[in-house]
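Residues in the sequence shown are numbered from -5 upward in steps of one, following the numbering used here.
Backbone N, C-alpha and C fix where the C-beta goes; we use that ideal spot for every residue, glycine too.
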Amino acid sequence: MTQSESLQPTPLLPILLLKNYLHFLSRRPISGSNLHFKTGRIASLQTLAPFLSSSGVESIEDCVGMLRALTTTNLARFAPQILRGLHRYKEPELPRNIVVCNSPPPPEFFSGVKRAVIILGQGIGIGDEILTFPLAGSLRRRMPAGASLFVLSSYRDLWRDVEGVDSQGLYDGLGELVERIRCGDYDLVAMVDFERPGLLSTLCREPGVTRYIELAMGLRELSALDKTGGRVWKLEHPDPYYANFYHHMDRMKEWLGDGEERPSHLPEAVAPKTPAGREIAIYVSPFTSKEDPSQQFWSELLLSMLPEELPPGVTVQFAIDSGANYATRAFSRELAESIDKAGRAGVSARAASTIGVAGSLLSLADAMQRIAKTDIVVTSDSFPAHAGQLYGKLTLVLAREGVENWRAPAPGNFYLRAGAPIAELIAQTRVLLGDLGETCVVEASVAYAPSMQALRRSAHSLHCALNRADAEIDSQTLRTRWTDCREATLEVVMQAKDWPGCYAVLLADNDYLNLLPVLPAGDLASAASLLHLRCRAAEWRNSNLLKYACWPGFETTG
């Protein structure tokens, strides 16, 4: 590459954005309640057409023509043709002068950063964006005092109240991202997506970019580029550890130099309280991005998960998420009407709309506000599941198979099998709402069983032993407390055979016989052993059983 060429923006940037995001969109399953998502993403891709037309690159005129004509109905036909036409355009190799380091970037990487921007790509869902919220605070703490951090997202107001963000904006099209990246206004550009953005080498050839961070959540990849210094730092993923995306986000923060002191106590949930005369607010989200909900299923679940008679003076109001289009709003209204028509004393429902605008669709910002003010969240969608943990809510998630790595380690998030029989889900939600949400008194509760109390005590002891500074770890103490926890877990599993069937929810989310594994031989205080133990213990804590055992208030004698 000549010096004159290096000073010109590369035509590869808009080409690769089109190629990557059209590929993501064309293979993503989308439910009928989420068709607006596909329409919006197609419009976003089409904003790249002017850049491609003026790029001077031959043989893509046909691709540009199909891109301009792209619709939801012809996507399946045109997308493969466009991708074939762009096949030969690939991310180039890193320039040969760039040194690649398998280590964290030094503090100097952030020196001199006055303006930074985090760009959220369009292959990431709302829930996954919430997972990346901590990145803003981490960058803010690494940047010099007085620096500003801007966030660009395709979800309006999602980042409005996130720590570390000075201002946030909405972008409608990928063409705007090309302009933002090339404008030269930012000392640091961070591109975040679930899939790999794949722009690291390409941005080495963009004169408007000097520092660049690329994060691919799904692949657990993180890279940092200092173009002036000729360095790239890459975070290696220590498979099979940090499989959970929340756990890996913590690791990414630490790699960026924002490591926090390990807490000496287990986190606690905010337990809902239901004194006499109080209304319990339950936020319900029946929609998912990939499957359409059943009216009959949700009506039966919501009515049956409450007791026939609520505690004296207690009422329940369901706020049904109205979704993002008129079809979802109609579904929510019908669901709310079916609950009201059931005539249950003290139980009412309404389709949630934008605050102050009755009958409207529910904006994302208002959905966040409603979740913040509610008592309990019941959802089959990932967005309320992730939002509920932000505010410490008791959150019951009907999760499908294959999304185990998205489970929030928040102590209030409990996961049920979405494909389980409706009678099983009703019994499980009822017992969780009764024991944890105090909607009723649960007969034969297992909360105060001796084995559960022993598990609770051993969990706290292990947490204290494992979260000391590495130099203070005592191998023998750690071995003893780990063994105590494993035996306490197995004892609960043994006794669970005699529990009421509704408590199967506490063991349905994991293989508890192997969740806390047998200890390895040798020194447990070595770096490799501590990595293994801390990751396995984090997975164990992020389970229905441990969250239930450590729920606030269960420490006392029943």
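{"Query": "Given a cut-off of 8 Å, decide if Ser455 and Glu485 are closer than it, judged by their beta-carbon atoms.", "Result": "no"}
{"Query": "For the candidate residues Glu208, Gly223, Phe239 and Asn238, whose alpha-carbon lies nearest to that of Leu229?", "Result": "Glu208"}
{"Query": "Any contact between the segment 304 to 320 and the segment 277 to 288? By contact I mean 3 or more CB pairs, one from each, below 8 Å.", "Result": "yes"}
{"Query": "Does Thr126 pass the burial test, meaning 16 or more other C-beta atoms within 10 Å, or should it be called exposed?", "Result": "buried"}
{"Query": "With a 10 Å radius around its C-beta and 16 neighbouring C-beta atoms as the bar for buried, classify Lys387 as buried or exposed.", "Result": "buried"}
{"Query": "Residue range of the beta strand (DSSP E) that Phe144 falls in?", "Result": "Ser142 to Ser147"}
{"Query": "So, Tyr497 versus Thr483, is the Cβ gap smaller than 8 Å?", "Result": "no"}
{"Query": "Kindly indicate which three-state DSSP category Leu1 falls into: helix, strand or coil?", "Result": "With a pLDDT of 47 at Leu1, under the threshold of 50, the predicted position of this residue should be treated as unreliable, though the coordinate-derived value follows. DSSP places Leu1 in coil when its eight states are reduced to three."}
{"Query": "For Gln555, does the three-state DSSP call read helix, strand or coil?", "Result": "The structure shown has nothing for residue 555, since the chain only spans -5 to 552."}
{"Query": "Let me know the secondary structure DSSP gives Lys335 once reduced to three states.", "Result": "helix"}
{"Query": "Should Ser38 and Gly167 be called a contact, given that it needs their Cβ atoms to be closer than 8 Å?", "Result": "yes"}
{"Query": "So does the segment 61 to 76 actually touch the segment 9 to 25, counting three or more Cβ pairs closer than 8 Å?", "Result": "yes"}
{"Query": "Measuring alpha carbon to alpha carbon, tell me which of Arg528, Ala359 and Asn399 ends up nearest Leu152.", "Result": "Ala359"}
{"Query": "Let me know the secondary structure DSSP gives Lys284 once reduced to three states.", "Result": "coil"}
{"Query": "May I ask you to report which of helix, strand or coil DSSP gives Arg174?", "Result": "helix"}
{"Query": "With distances taken between CB atoms, is the gap from Val557 to Gly337 smaller than 8 Å?", "Result": "Nothing can be reported for residue 557: it is not among the residues displayed for the chain, which extend from -5 to 552."}
{"Query": "On the premise that Val58 lies in contact with Leu69, defined as a C-beta separation below 8 Å, what is that separation, rounded to the nearest angstrom?", "Result": "In fact, because the Cβ distance is near 16 Å, the residues do not count as touching under 8 Å."}
{"Query": "Can you round the beta-carbon distance between Ser452 and Cys434 to whole angstroms, since I take them to be within the 8 Å contact cut?", "Result": "Rounded, the Cβ-Cβ distance is 30 Å, inconsistent with contact."}
{"Query": "Based on Cα-Cα distance, which residue from Glu157, Gly115, Ser148 and Gly106 lies nearest to Leu129?", "Result": "Glu157"}
{"Query": "Within 10 angstroms of its Cβ, does His242 collect 16 or more other Cβ (buried), or is it exposed?", "Result": "buried"}
{"Query": "Would you list, in sequence order, the uninterrupted alpha helix (DSSP H) runs of no fewer than 4 residues that lie entirely inside the segment 48 to 109?", "Result": "55 to 62 and 69 to 79"}
{"Query": "Could you tell me the distance, in whole angstroms, from the CA atom of Ser258 to the CA atom of Leu216?", "Result": "Below a pLDDT of 50, predicted positions are generally treated as unreliable, and Ser258, at 47, falls in that range; no measurement from the model is reported."}
{"Query": "Examine the Cβ distances between the segment 97 to 107 and the segment 136 to 150 and report whether three or more of them are shorter than 8 Å.", "Result": "yes"}
{"Query": "Could you check what DSSP says for Val486 in three-state terms: helix, strand or coil?", "Result": "helix"}
{"Query": "Find out if the Cβ-Cβ distance for the pair Pro98, Leu250 is shorter than 8 Å.", "Result": "yes"}
{"Query": "What does the alpha-carbon distance come out to for the pair Pro494 and Phe325?", "Result": "35 Å"}
{"Query": "Nearest chain B C-beta to Glu215 closer than 8 Å, yes or no?", "Result": "The structure shown has no chain B; it contains just one protein chain."}
{"Query": "Do Leu164 and Arg150 count as a contact pair if the criterion is CB distance below 8 Å?", "Result": "yes"}
{"Query": "Short of 6 Å in beta carbon distance, which residues of its chain neighbour Gly115, apart from the five on each side in sequence? Order them along the chain.", "Result": "Asp187 and Pro191"}
{"Query": "Rounded to the nearest angstrom, how far is the Cβ of His380 from that of Ile124, given a contact under 8 Å?", "Result": "4 Å"}
{"Query": "DSSP state of Leu219, grouped into three classes?", "Result": "strand"}
{"Query": "Asp160: which of Ala532, Gly169 and Gly140 sits nearest, CA to CA?", "Result": "Gly140"}
{"Query": "Just verifying my parser: in three-state terms, what is the DSSP assignment at Asn504?", "Result": "coil"}
{"Query": "Nearest-angstrom Cα distance between Arg535 and Val425?", "Result": "21 Å"}
{"Query": "Taking the DSSP output, what are the residues bridged to Met185?", "Result": "Ile113 and Glu208"}
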